[in-house]
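First up is the structure itself, then whatever we jot down about it.
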Amino acid sequence: MIESILNDAVRHSREMLKAKSGNKYYFDNAPLKEKGTYKEFLYGNEMQKHKYNEFNKMRNFIDVFRKKEHNIEKNDKFKNDKFKNDIYRSMYENIMHGSEINEQSIKKRNEIKSKLHEQEKHERLYKRNEIEREADTYKALYNYTLKNKDNFLSGNCPDYCNCAFHYLIHNCLDNILKFFNSGLENPDHVYIQIVGAVGVHDHVFITIGSFNHNMFKPILGRLYHNLPKELWVCDPWANIVCPAEKYNDLWKSKMDKWHYMGKCIVLAEEDPIPNRKVIPPSAKCHSPLKKNTYLTIQNSMKKVFNLAVISPDKNVKIMAL
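Written out as structure tokens, the structure is:
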């Protein structure tokens with residue numbers, strides 16, 4: 016059942032991004048003629064330009080959205096810093112001028128103690144607001160993609176994952192909870208994570224699972240080397256759905272397949288269309304068998320960047336870094 020749910024999420028992400036990935040090409044376009052006119056169209060020069068333009072529109076939308084959010088964040092930070100400074104000033108005055116223990120100094124110290132507790136609450140609220148605002152950014156990107164899906168949008172692994180992540184949250188809660196909590200007397204929370212391979216390994220994918228222990232319970236920023244076995248993986252970019260323990264083998268198998276099909280990948284730091292000029296993909300692309308790509312799942316540290324916590328009563332808390 017969970018495999019079917021995750022495959023539906025993969026299909027949804029691909030329907031949203033109809034122009035395919037912005038970083039996968041073919042070393043040689045000649046074999047595309049054998050695959051049909053549509054494949055030729057998807058990987059032709061005109062479509063490269065279109066992908067580039069639509070990709071930039073998506074990023075510009077997010078930049079504008081983030082600037083608005085940043086202004087709110089700056090205001091919150093100003094209030095938070097002012098609150099801190101007022102407390103530290105009170106503490107300084109108490110140290111410099113309140114060394115005697117008397118009724119007034121005790122009252123002053125109690126006031127400072129109370130303010131420190133308030134400040135801690137304020138700090139937690141500020142951090143929570145920051146996390147929620149970042150989650151709102153990804154939701155806004157999903158809504159933008161949904162609204163413009165007929166424009167032949169293009170994206171990379173984060174965009175595919177964002178579509179699948181929100182699809183699961185908005186369309187699959189009942190089935191997800193039914194699968195993970197079937198037969199349990201005390202139903203568990205279910206966690207959907209967007210996990211990124213950090214460092215030289217550049218990739219993003221989704222995991223989903225419930226945890227009956229605290230050792231690997233998902234939190235934002237948690238680092239994994241090996242994924243917990245009880246997780247399922249949903250990788251829309253590579254079109255892989257599997258239990259976590261099979262992910263590395265299936266990833267390598269997919270990279271082998273792409274290599275022998277003649278597919279190549281543009282790495283993150285490289286612009287597929289430098290100076291807005293279309294170039295042959297082979298000039299900047301690399302084989303999927305390149306070490307940092309082929310061994311991504313095996314060798315990478317993996318960090319939780321987005322997290323949805325689904326409670327048994329279907330309440331969902333979404334957070335993002």
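Just so we're aligned: the sequence shown equals residues 16 to 336 in my numbering.
Note that CB positions come from ideal geometry on N, CA and C, so glycine has one too.
Remember, it's a predicted structure, so these values are computed and weren't measured experimentally.
Item                                                                                              : Value
C-beta atoms of Arg74 and Thr152 nearer than 8 Å                                                  : no
Buried versus exposed, by CB contacts within 10 Å (16 or more), His240                            : exposed
CB of Lys278 within 8 Å of CB of Lys164, strictly                                                 : no
Closest Cα partner of Pro327 within the set Leu192, Ile280, Val256, Pro251                        : Leu192
Through-space distance from Lys332 to Asn177, alpha-carbon basis                                  : 16 Å
Buried/exposed call for Ser28, threshold 16 Cβ in 10 Å                                            : buried
CA nearest to the CA of Leu199, picked from His65, Tyr67, Phe226, Ile209                          : Phe226
Asn171 (DSSP reduced to helix, strand or coil)                                                    : coil
For Lys317 and Leu238, the rounded distance between their alpha carbons                           : 5 Å
Distance CB(Ala253)-CB(Thr222) smaller than 8 Å                                                   : no
Those residues which DSSP pairs with His274 across a bridge                                       : According to DSSP, which records beta bridges pairwise, His274 is partnered with nothing at all.
Contact under 8 Å by Cβ, Pro233 with Tyr262                                                       : no
Beta-bridge pairing of His218 - partner residues as DSSP gives them                               : Ala212
Asn68 to Leu246 span [Cα, whole Å]                                                                : 36 Å
Nearest-angstrom Cα separation, counted from Leu336 out to Gly236                                 : 8 Å
Sequence-distant residues of its chain with Cβ nearer than 6 Å to Leu57 (five each side left out) : Lys35
Three-state class that DSSP yields for Lys292 in the structure shown                              : With a pLDDT of 49 at Lys292, under the threshold of 50, the modelled position of that residue is not reliable, and no figure is offered here.
Leu322 - DSSP class collapsed to helix/strand/coil                                                : strand
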